[in-house]
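Visitor: One structure coming up, written as structure tokens, with questions to follow.
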Amino acid sequence: MAWRSADPQHSPTPPDGLSVAVPKRGRGEDWAVDEWRASGAWGRLVRSAPFFVRAGPYDEGVSEIIELARRARVASYALAEASRATKDAALHAMAAALRANTDAIVAANAKDVAAARDAGTPESTVDRLALNPARVDGMAAGLEQLAGLTDPIGEVVRGYTLPNGLELRQVRVPFGVVGIIYEARPNVTADAAGICLKSGNAVLLRGSSSAAASNEAIIAVLRDAAESTGLPADVVQGVPTDRAAVKELMQARGLVDVLIPRGGAGLIQTVVSESSVPVIETGVGNCHVYIDAEADLDLGLEILLNSKTQRPSVCNAAESLLVHASVADEFLARALPALAQAGVTVHGDPKVVAASNNQPTVVEATEEDFGAEYNSLDLSAAVVDSLEDAVQHIRRYSSGHTDAIITRSQAAARRFTTAVDSAAVVVNASTRFTDGGEFGFGAEIGISTQKLHARGPMGLPEMTSTKYVVTGEGQIRT
Numbered sequence: 001m002a003w004r005s006a007d008p009q010h011s012p013t014p015p016d017g018l019s020v021a022v023p024k025r026g027r028g029e030d031w032a033v034d035e036w037r038a039s040g041a042w043g044r045l046v047r048s049a050p051f052f053v054r055a056g057p058y059d060e061g062v063s064e065i066i067e068l069a070r071r072a073r074v075a076s077y078a079l080a081e082a083s084r085a086t087k088d089a090a091l092h093a094m095a096a097a098l099r100a101n102t103d104a105i106v107a108a109n110a111k112d113v114a115a116a117r118d119a120g121t122p123e124s125t126v127d128r129l130a131l132n133p134a135r136v137d138g139m140a141a142g143l144e145q146l147a148g149l150t151d152p153i154g155e156v157v158r159g160y161t162l163p164n165g166l167e168l169r170q171v172r173v174p175f176g177v178v179g180i181i182y183e184a185r186p187n188v189t190a191d192a193a194g195i196c197l198k199s200g201n202a203v204l205l206r207g208s209s210s211a212a213a214s215n216e217a218i219i220a221v222l223r224d225a226a227e228s229t230g231l232p233a234d235v236v237q238g239v240p241t242d243r244a245a246v247k248e249l250m251q252a253r254g255l256v257d258v259l260i261p262r263g264g265a266g267l268i269q270t271v272v273s274e275s276s277v278p279v280i281e282t283g284v285g286n287c288h289v290y291i292d293a294e295a296d297l298d299l300g301l302e303i304l305l306n307s308k309t310q311r312p313s314v315c316n317a318a319e320s321l322l323v324h325a326s327v328a329d330e331f332l333a334r335a336l337p338a339l340a341q342a343g344v345t346v347h348g349d350p351k352v353v354a355a356s357n358n359q360p361t362v363v364e365a366t367e368e369d370f371g372a373e374y375n376s377l378d379l380s381a382a383v384v385d386s387l388e389d390a391v392q393h394i395r396r397y398s399s400g401h402t403d404a405i406i407t408r409s410q411a412a413a414r415r416f417t418t419a420v421d422s423a424a425v426v427v428n429a430s431t432r433f434t435d436g437g438e439f440g441f442g443a444e445i446g447i448s449t450q451k452l453h454a455r456g457p458m459g460l461p462e463m464t465s466t467k468y469v470v471t472g473e474g475q476i477r478t
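Counting from 1, one number per residue, gives the positions in the sequence shown under the working numbering.
Here it is, written out as structure tokens:
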């Protein structure tokens with residue numbers, strides 16, 4: 001049978017043949033199934049999730065992904081009406097549950113780590129995958145921090161009284177159901193679940209198959225904790241990691257409101273190109289540092305080293321260096337040895353290679369190098385003849401994430417910040433500051449490099465939409 005609406009406004013009584021299944025413990029077993037006919041009971045039940053609605057006790061024709069999405073949709077209705085106190089209590093319960101179940105989570109993670117090493121996974125990737133008690137505690141602390149942040153739901157973005165007396169308010173509301181597709185790091189599971197819960201969204205989490213055991217353990221803990229505070233367990237659900245399931249998730253338009261991919265360029269482009277669900281594009285960071293003709297070279301070297309080496313595997317690390325020709329000899333004579341000492345391989349244009357005096361850590365760049373997001377101790381570098389040449393280079397190769405200029409010239413800084421069209425444009429500071437926490441947002445789901453809806457670090461307000469509430473006293477349009 002076809003799916004029927006679980007919205008009491010559109011279905012005040014359950015149609016014939018529609019079963020309401022109430023999970024006793026928020027899991028897939030131990031159902032109490034009954035038929036509901038009275039509109040009052042039906043309406044109360046819809047508003048008191050967790051429950052799942054099927055056309056019949058078992059809808060054999062519905063795939064697992066669609067069933068998960070439907071459950072998330074129903075749970076989202078309850079979460080949208082939850083108070084801040086309820087959501088914050090759930091976040092604290094989740095944090096406590098993570099700490100209480102640390103041993104089980106670390107044990108599950110050990111299976112993923114062992115499988116990764118057996119598969120020959122690079123140790124840098126294994127390190128991002130690995131959990132220990134300190135990292136689990138960090139996940140819990142992140143949820144507690146979220147509980148202390150302002151709830152964006154219900155915030156009045158703008159409001160005024162129209163000439164006809166109508167009171168108009170634009171208020172923040174949840175998206176509803178958010179799907180997050182991400183790679184490698186299992187700490188993202190708790191972070192994403194917490195951010196979605198705080199912003200009133202049910203979440204479908206599809207992590208990497210390499211972290212399957214870790215994610216399953218974490219999600220089970222989070223679901224039980226949410227349910228213990230009166231929220232539906234299905235505000236947090238995991239999605240199977242096989243490719244067919246992911247493709248179906250990307251086509252679940254109408255059940256899933258938005259998808260957010262977090263990972264490498266290949267993952268993000270696949271989701272953007274193949275999804276019928278709206279997508280917020282995040283993360284790929286070919287970030288530039290431009291040393292201007294009027295730069296403080298000491299400051300420039302310090303910023304370059306921090307941007308590149310402080311944490312090279314993240315999206316806000318610098319991947320490209322541009323140096324104005326008038327200061328290139330002096331700056332490169334200092335920067336290239338310093339980068340070599342930090343373990344950085346420089347992929348340089350002919351002028352950079354010539355300035356290296358056959359330094360073994362400087363190699364000739366290819367065209368692909370200038371567009372690369374290395375996520376490693378590699379850096380492309382080029383000498384440019386002018387600020388305009390730097391702007392043109394960035395326009396050609398930048399991913400639109402973060403680009404920085406080092407200069408003492410206010411005119412050059414103004415020109416750069418006007419001409420460079422990236423989510424963050426930085427003057428005399430490290431690219432590493434493009435981060436929700438560093439920006440004072442308290443948390444972020446990712447860094448958007450697109451222009452629609454959200455751009456830059458996505459904090460709690462960016463995880464919402466808005467609606468208009470119009471209050472009148474009998475006005476009619478003439």
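Glycine included, each C-beta is placed from N, C-alpha and C at the ideal position.
The structure presented is a predicted model; accordingly, all values stated were derived computationally and were not measured.
How many angstroms separate the CA atom of A233 from the CA atom of P337?
Guide: Going by the C-alpha atoms only, they are around 55 Å apart.
Visitor: Are the Cβ atoms of D407 and S422 separated by less than 8 Å?
Guide: Per the sequence shown, residue 407 should be read as Thr rather than Asp. Taking 8 Å as the Cβ cut-off, T407 and S422 do not qualify as a contacting pair.
Visitor: Quick check on the burial criterion: 16 or more other C-beta atoms within 10 angstroms. Buried or exposed for L166?
Guide: So L166 ends up on the exposed side.
Visitor: Do P369 and A212 have their CB atoms nearer than 8 Å?
Guide: The displayed chain sequence assigns Asp, not Pro, to residue 369. Against a cut-off of 8 Å, the Cβ pair of A212 and D369 comes out as no contact.
Visitor: Go ahead and label P278 buried or exposed: buried means 16 or more other beta carbons lie within 10 angstroms of its beta carbon, across all protein chains shown.
Guide: With fewer than 16 other Cβ atoms within 10 Å, it is exposed.
Visitor: Who pairs with Q170 in a beta bridge, going by DSSP?
Guide: Looking at the DSSP assignment, Q170 forms a beta bridge with R158, Y468.
Visitor: How big is the Cα-Cα spacing for P240 and I476?
Guide: About 51 Å.
Visitor: As a quick exercise: from P174, R158, N164, pick the residue whose alpha carbon is nearest that of S465.
Guide: Comparing Cα positions, the closest option is P174.
Visitor: What number of angstroms, rounded off, separates the C-alpha of A381 from the C-alpha of G400?
Guide: Using only the alpha carbons, I get a separation of about 18 Å.
Visitor: Please report how far the alpha carbon of A190 lies from the alpha carbon of E216, in whole angstroms.
Guide: Those two C-alpha atoms are separated by around 11 Å.
Visitor: Are there 16 or more other CB atoms within 10 angstroms of the CB of L68, so buried, or fewer, so exposed?
Guide: Result: buried.
Visitor: Drop a sphere of 10 angstroms on the beta-carbon of K247, count the other beta-carbons inside from all chains shown, and report buried for 16 or more, exposed for fewer.
Guide: When all chains shown are included, K247 counts as exposed.
Visitor: Return yes when the Cβ of L267 is within less than 8 Å of the Cβ of I181, no when it is not.
Guide: A contact, by the Cβ cut-off of 8 Å.
Visitor: Judging by CA-CA distance, which residue of S307, T361, G436 is the nearest neighbour of A429?
Guide: Selected option, being the one with the closest Cα: S307.
Visitor: Quick check: the stretch 276 to 291 against the stretch 188 to 202, are there 3 or more CB pairs under 8 Å?
Guide: As far as the Cβ criterion goes, the stretch 276 to 291 does not touch the stretch 188 to 202, which means the pair count is below three.
Visitor: Within a Cβ cutoff of 6 Å, which residues of the same chain sit near T471, ignoring the five residues on either side of it in sequence?
Guide: Excluding sequence neighbours, T471 sits near E167.
Visitor: Closest to N101 by C-alpha separation, out of A85, A134, E302, would be which residue?
Guide: When only C-alpha atoms are compared, the closest one is A134.
Visitor: Indicate whether C315 and I447 have their beta-carbon atoms separated by less than 8 Å.
Guide: A contact, by the Cβ cut-off of 8 Å.
Visitor: Taking C-alpha atoms, which residue in V284, E473, M463 lies nearest to E155?
Guide: Considering only alpha carbons, the answer is M463.
Visitor: Please determine, among A192, S214, S210, the residue with the shortest C-alpha to C-alpha distance to L204.
Guide: Among A192, S214, S210, the Cα nearest to that of L204 is on A192.
Visitor: Is L460 buried or exposed, if buried means 16 or more other CB atoms sit within 10 Å of its CB?
Guide: By the 10 Å Cβ count, L460 comes out buried.
Visitor: May I ask which residues mark the beginning and end of the beta strand (DSSP E) holding P346?
Guide: Correcting the residue type first, residue 346 is Val in the shown sequence and not Pro. From DSSP, the beta strand (DSSP E) with V346 extends over 345 to 348.
Visitor: Measure the Cβ-Cβ separation of S125 and A89 and say whether it is below 8 Å.
Guide: First, the residue type needs correcting, since residue 125 is Thr and not Ser in the sequence shown. Not a contact, by the Cβ cut-off of 8 Å.
Visitor: Going by alpha carbons, who is nearest to N187 out of V136, L162, R158, P163?
Guide: Selected option, being the one with the closest Cα: V136.
Visitor: Measure how close the beta-carbons of A116 and L129 come, nearest whole angstrom, since I'm counting them as under 8 Å.
Guide: Their Cβ separation, rounded to whole angstroms, is 6 Å, which keeps A116 and L129 in contact under 8 Å.
Visitor: Grab the span of the beta strand (DSSP E) containing G179 for me, first residue to last.
Guide: Segment 177 to 182, the beta strand (DSSP E) holding G179.
Visitor: Who pairs with I153 in a beta bridge, going by DSSP?
Guide: BP columns for I153 are empty, so no partner.
Visitor: Please list the segments of the alpha helix (DSSP H) lying wholly inside the stretch 239 to 300, counting only runs of 4 or more residues, in order along the chain.
Guide: Here the runs fully enclosed are 243 to 250, 265 to 274.
Visitor: By DSSP, does A333 sit in helix, in strand, or in coil?
Guide: Helix.
Visitor: What residues in its chain sit with their C-beta under 8 Å from that of A141, if we drop five residues either side in the sequence?
Guide: A95, listed in sequence order.
Visitor: Looking at the unbroken alpha helix (DSSP H) that takes in L91, where does it start and where does it end?
Guide: That run of the alpha helix (DSSP H) goes 84 to 100.
Visitor: Please give me, in chain order, every unbroken run of the beta strand (DSSP E) with length at least 3 that falls completely inside the stretch 386 to 441.
Guide: Fully enclosed beta strand (DSSP E) runs of 3 or longer: 402 to 406, 424 to 427.
Visitor: Among residues of its own chain, excluding the 5 on either side of R455, which ones have a beta-carbon nearer than 8 Å to its beta-carbon?
Guide: Within the same chain, R455 has close Cβ partners A423, S448, T449.
Visitor: Measuring straight from C-alpha to C-alpha, what distance separates E302 and V271?
Guide: Those two C-alpha atoms are separated by around 37 Å.
Visitor: Would you list the one or two residues that DSSP bridges to D378?
Guide: Paired residue(s): T345.
Visitor: Could you tell me whether any Cβ in chain B is nearer than 8 Å to the Cβ of L377?
Guide: The chain inventory of the structure shown lacks chain B, comprising one protein chain alone.
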